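One line per chain: the protein sequences are A and B, in this order.
So for the first sequence, full-length UniProt numbering puts the first residue at 1; every next one is plus one.
So for the second sequence, full-length UniProt numbering puts the first residue at 1; every next one is plus one.
Beta carbons are placed, not taken as given, at the ideal position from N, Cα and C, and that holds for glycine.
Remember, predicted model here, so these are calculated numbers, not experimental data.
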Amino acid sequence: MSRYEILSPEGLRTDGRRWNEMRRFSPKMATTTAADGSSYIEHGNTKVICSVNGPIEPRASSARNSERATITVDVCFAAFSGTDRKKRGKGDKRVLEMQSALSRTFASTLLTILHPRSEVHISLHILSQDGSILATCVNAATLALVDAGVPMTDYVTACTVASYTNPDESDEPLLDMNSAEEMDLPGITLATVGRNDKISLLQLETKVRLERLEGMMAVGIDGCAKIRQLLDRAVRDHGNEMARMGAL
Amino acid sequence: MASFKRSLTDSRESSELSSKVFLRSSKGKCTKIVRELYLRRDIPCSSKLCTRCLADIKGDSYGRTKPFVLSSNPPVNDTIKAPHYIVPDTNIFLHCMDVLEHAAITDVIVLQTVLDEVRARSLPLYNRLRGLVASGDKRFYVFHNEFRSETYVRREPEETINDRNDRAVRRGVQWYHEHLKEVTRGSGVSIAVVMVSNDRGNLEKGKREGVVCCSIKDYASGMKNSAELLDMISAALEDENAKVAKGDLLYPEYYSMSKMMTGVKAGTLHQGKFNISPYNFLEGSIHVPSFDRPLLILGRENINRSVHGDQVVVRILSKDQWKRPSSKIIEEEAMTKNDNPDVEQFEAIETEQERKALIDEAKVSQSAIGEGNPQPTARVVGIIKRNWRYYVGHLDPSSASSVGGRSQRNVFLIPMDKKVPKIRLRTRQASELLGKRIVVSIDAWDRTSRYPTGHFVRSLGEVESKEAETEALLLEWDVQYRPFPKAVLDCLPKEGHEWRVPQDPEDPRLHQRADYRGLLVCSIDPPGCQDIDDALHASCMPNGNYEVGVHIADVTHFVKPNTAMDDEASVRGTTVYLVDKRIDMLPMLLGTDLCSLKPYVERFAFSVIWEITENGDVVSTKFSKSIIKSREAFSYEQAQLRIDDGSQNDELTQGMRTLLMLSKKLRQKRMDAGALNLASPEVKIESESETSDPIDVKTKKMLETNSLVEEFMLLANISVAGKIYEAFPQTAMLRRHGAPPASNFEELQNQLKVTRGLTLRTDSSKALADSLDQCVVPSNPFFNTLVRILATRCMISAEYFCSGTQGYPEFRHYGLASEIYTHFTSPIRRYADVVAHRQLAAAIGYESLHPTLHSKAKLEGVCGNINNRHRNAQMAGRASVEYYVGQALRGKVIEEEGYLMRIFSNGFVVFVPRFGVEGLIRVRDLAAVEPKSEFDADNYTLKVEASTGSWSVGLFDQVAVKVMDDVEERTGKRKIKMTLVSVKGRKLE
């Protein structure tokens, strides 16, 4: 038995949230001028910086495709981001997997066909980890891509959902896992495109009973819609600010 | 570019968010963990008076919400005269859970701060508390004060965590007070919120801050039944000052946990379960992995406050202190009769008498060391885990005799379990409790106290009244005997007794169910059996072989996994049979009607059908769910009569004869493979039909039909075990019986060799079975049974296990000489069978296996529980027989034959087969003045020089004894008492 209750019978999680509540989500756009587009997202204690360059000429010839733009992703975990100080190399399996998941997700949403023989490079730095890392990376990349002005069909937003098993074996989906919940519960990472609930990423790394998946996905889609609103507001606020400053 | 760096103060002042930072160190490394805390304003107060919080009720993902629990009309008492809710602090839950569980205490607010502390300190107490909250009618409510922004308390610099938590509790109480005042303004109702604590500092601070508070004692004394409640307050909470004043430390101090752990790891200390000898309360033993024989622990100082069943750590004593196990009977009653529960400071750890008994002992063993082999002795140096539970017993009349008023006094409780020492408790109701069976719980055992201290829990009723005794023994063996809760009864089929097998062949319940209604099935059970688990049939096949079917009640059709009924059954684990009562595992409706394979009606069954050759070889096996219609329910005698009656030649009788013929062949095969035929003394109580008062005791008779049923049940179990293991190699529910270690038999082997010149070979079960058959003494026909009884006691008990936890060779069932075994044939009364049914149903593709049965960890939990329940049920059954034997013999004096089972230097144990009981005869009881006696430990003989002439008696000798009843002072049980009449035909007078 773990040292604390993941979900108390009164319906509160370890950090005081209910099952359908997300952690504090604060997106910031255009945080650096060094890249074409950039963003910084704090989702609870998970903090990610993203910068986007592109479309640019491919840096490697392998990234050259005569029909569409290639999307390359670099994910870098800061050594101080976790509880233990640990350096993750470039070849880390987990990092590679995240990179390929991210590049495939965005390849389906960006209008890559408009920029053949070019590359869009997304670079993500994780400054602090507290669960839902892949989801936060998706959200940060979306915001940075919007900032960079890379043409895309709609926002790609992501969140995570855990499945908690009550003592009576019934299940309870929990929106937005923090690291303690990620450690103890099976959960999915889910990304949707736009308003029409189109799922572009669904990742499950643990075992979960099949009949629970549907409920988890429904909760996840609602969560993604909420994040879309928040990102949209951040983009509009940024736009208004730019207009006020006379940049447009 | 705007900087997005936030200042530190910014986040700290946000009222909605706080972060918890703590350091964790593991393996010398320090890690900093930051957790967020979202403070909110929508946690309801849950008082029925409050309308404001109604808006804050939030449902779970199914939209289920919890109603408010705290009453709008809470209780008042003499201490707190206004209607009030109470808020206990952590110590109250840790030490006075019994009080809070009392029905008089309602409307309690449990703060999250307190709940978390309870959880960190004791998980069992936490679970009890959670149970109270869930029960509803006690009106306990958990208020998450740490998540509500108004009640969240930030730890001040330099403040200890305990002070911070106390402050959080006071803040919570204050908030409740203000909140309730606000919402009830104008309504004329006012409700107080009372903090109950036992910490003087906390109470003082509370008073200063204007919090209504009182100590648990003050609170309880204001209640109506204050005496009862006050007694329940744990002795651990009694004045600390008093404890300090008593300077004498009687027992050595325990080692620290880390010292014990390093010692155990290094092999200098040993850990194991502490057991007390049933004959000598000053002799304990402990089995540790590094010694093949148990270590002895002699005397109070070495036993060092451990109680039977505790996990302890011991240190081996030096070799010159090694001893032989005691050959003397020492009873606590006789030794400590005069102890005064009040006088503490003058007592030494061992009384003069006890010391004398031990010295006598030592002399014997010193002289014996030359030829005998002394056993290693040890001393307890620490306790890993206490095994304290509730103990049932009665007050020592001598300690409570001085009749006083209602003032508090110290008295002794004498537990029913002889292996538990007297328990000292403080009570105000000593005169009322005298002569009652009462339940107490041990709180502590200090170094300054010779006896453990405990507190009163509840009273069961008069000693020797049937209800109190039955309840006592159920409690003592931890049997769940309360009526089934409503949630369980709701799981029963709606039709009740009107439930019928569906006749429409399209009915989904008949899907994949074989129709065996045409088979001539009958059941054979003990007379008066209502829960009929099994039925049989046999018929000839055209090819000369036989078709034999065993049909088992299809319990799992009614008991679906993960329902309240299934949970209850898995907790109960087994049906407990007492002499006059049966405590069912499943509700009556299922056990005795819908599942029971009653005659003349159609029932659902789970069938195993074999094709068996004339020689008893199984050709093929088939499993299926089925519908059967039993033609007749026989008792063993009726079935035997029908088989023996040559004039009956109908098909049913023919079938039974076939079964009998095949069962004999199967039995022979099993015996050839080395199955053991063991014996245990079993008796039956005959009772008057009207009053159900016991009148006589009979030994059980074994008929051929008994073994007929047994053989086929064994065959079914073995077949099913193979099938489910094949389907689920990791998670099959099986039963194993390990081979007993050779050292278990050493003493019996030696005894047989010395006294009768017989050898017992124990290298395999076959060898044991054969040599047991040769243990015959022509002059003594009972001798063989006696040896079998003793051999049974050397065995280790069989256990349920989950197949993934053992290697295949470990699956063996030693007693039955079978490679694999499970329990399948009694699902009405055993939970293991229910699991086996579900697994078999999944193995034959009838239904899919429920996820809980896929999990090895869950199954191991189930196995652990049912093993324990099974053992307890057997013990409870035996205790019940013992009680009734005592009642049946009440006021009678009967002369009976008996045999010596054990022999000591100052007495011996006589076994009387007619009543299946053992009794102790002490040398000092033989005559008014204790006769001189000489004990020859090597030849197991005791020579007594009585005034009328000397005689001697040896182990296994036949004696005649007078059996009468007697109330044993120590346990308050009516037990039989024996006096010696003659030895080897020679009258003693």
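Per-residue DSSP class, three states only, for residue i
| i | result |
| --- | --- |
| residue 346 of chain B | Low local confidence applies: a pLDDT of 40 at residue 346 of chain B is under 50, so the model's placement there is unreliable, with the coordinate-based value given in what follows. In the structure shown, residue 346 of chain B sits in coil (DSSP, three-state: anything other than H, G, I, E or B). |
| residue 88 of chain B | strand |
| residue 945 of chain B | strand |
| residue 370 of chain B | At residue 370 of chain B the pLDDT is 40, less than 50, meaning the model places this residue with poor confidence; the figure from the coordinates comes in the next sentence. Note: residue 370 of chain B maps to coil in three-state DSSP. |
| residue 993 of chain B | Given that chain B is displayed from residue 1 to residue 989, the structure contains no residue 993 of chain B and the question cannot be resolved. |
| residue 62 of chain B | coil |
| residue 990 of chain B | Since the first residue shown for chain B is 1 and the last is 989, residue 990 of chain B is missing from the structure and cannot be characterised. |
| residue 110 of chain B | strand |
| residue 201 of chain B | helix |
| residue 648 of chain B | coil |
| residue 229 of chain A | helix |
| residue 224 of chain A | helix |
| residue 8 of chain B | Any reading at residue 8 of chain B needs caution, since the residue's pLDDT is 42, under 50, leaving its predicted position unreliable; the model's value is listed next. Here residue 8 of chain B sits in helix by DSSP. |
| residue 833 of chain B | helix |
| residue 191 of chain B | coil |
| residue 1019 of chain B | Outside the shown range of chain B, which is 1 to 989, sits residue 1019 of chain B, and nothing can be said about it. |
| residue 570 of chain B | helix |
Beta carbon of residue i nearer than 8 Å to that of residue j
| i | j | result |
| --- | --- | --- |
| residue 177 of chain A | residue 111 of chain A | no |
| residue 537 of chain B | residue 521 of chain B | yes |
| residue 131 of chain A | residue 37 of chain B | no |
| residue 23 of chain A | residue 44 of chain A | yes |
| residue 129 of chain A | residue 46 of chain A | yes |
| residue 139 of chain B | residue 71 of chain B | yes |
| residue 662 of chain B | residue 616 of chain B | yes |
| residue 254 of chain B | residue 382 of chain B | yes |
| residue 599 of chain B | residue 630 of chain B | yes |
| residue 452 of chain B | residue 424 of chain B | yes |
| residue 111 of chain B | residue 133 of chain B | no |
| residue 271 of chain B | residue 384 of chain B | yes |
Chain B residues whose Cβ lies nearer than 7 Å to that of residue i
| i | result |
| --- | --- |
| residue 27 of chain A | Correct list: empty, because the minimum Cβ distance to chain B is about 11 Å. |
| residue 23 of chain A | 36 |
| residue 209 of chain A | 851 |
| residue 45 of chain A | 34, 36 |
Heavy atom of the ligand GDP within 7 Å of residue i beta-carbon
| i | result |
| --- | --- |
| residue 851 of chain B | Within the structure as shown, the ligand GDP is missing, as the structure has no ligands at all. |
Partner residues on chain A for residue i, Cβ-Cβ distance less than 7 Å
| i | result |
| --- | --- |
| residue 562 of chain B | 169 |
| residue 60 of chain B | 11, 19, 172 |
Per-residue contacts from residue i into chain A (C-beta, under 8 Å)
| i | result |
| --- | --- |
| residue 147 of chain B | 12, 16 |
| residue 31 of chain B | 83, 84 |
| residue 39 of chain B | 16 |
| residue 142 of chain B | 8, 9, 10 |
Touch check for the region 387-395 of chain B and the region 473-482 of chain B: three-plus C-beta pairs under 8 Å?
yes
Between the region 818-826 of chain B and the region 720-738 of chain B, can you find at least three pairs of beta-carbon atoms closer than 8 Å?
yes
For the region 39-57 of chain B against the region 179-188 of chain B, are there 3 or more C-beta pairs whose distance is under 8 Å?
Output reads yes: the region 179-188 of chain B touches the region 39-57 of chain B.
Please specify which runs of the beta strand (DSSP E), each continuous and at least 3 residues long, are wholly inside the UniProt domain "Exoribonuclease phosphorolytic" (21-151) of chain A, giving them in chain order.
25-29, 37-43, 46-56, 70-77, 119-128
Which parts of the region 402-480 of chain B are runs of the alpha helix (DSSP H), unbroken and 4 residues or longer, counting only runs that do not cross its ends?
List check, alpha helix (DSSP H) in window: 430-433, 466-476.
The region 774-792 of chain B in contact with the region 801-808 of chain B per 3-pair CB rule at 8 Å
no
Take every Cβ of the region 158-176 of chain A, pair it with every Cβ of the region 117-125 of chain A, and state whether three or more of those distances are shorter than 8 Å.
Taking 8 Å as the limit for Cβ pairs, the verdict is that the region 117-125 of chain A does not touch the region 158-176 of chain A.
Is there contact here, the region 508-517 of chain B with the region 618-634 of chain B, by at least three beta-carbon pairs under 8 Å?
Judged by pairs of C-beta atoms under 8 Å, the region 508-517 of chain B touches the region 618-634 of chain B, as three or more such pairs exist.
Assess contact between the region 310-320 of chain B and the region 281-296 of chain B, defined as three or more Cβ pairs (one per stretch) separated by less than 8 Å. Is contact present?
yes
Can you list the alpha helix (DSSP H) stretches of 4 or more residues lying completely in the region 772-822 of chain B, in chain order?
Counting whole runs of 4 or more residues, the region 772-822 of chain B contains the alpha helix (DSSP H) stretches 783-794.
Taking one C-beta from the region 547-559 of chain B and one from the region 525-536 of chain B each time, how about it: are there three or more such pairs within less than 8 Å?
yes
Can you check the region 247-320 of chain B for any beta strand (DSSP E) of at least 3 residues that lies completely inside it and give the ranges in chain order?
269-276, 283-286, 295-298, 311-316
In chain order, which continuous runs of the beta strand (DSSP E) of length 3 or greater are located wholly inside the region 521-603 of chain B?
521-525, 534-540, 546-553
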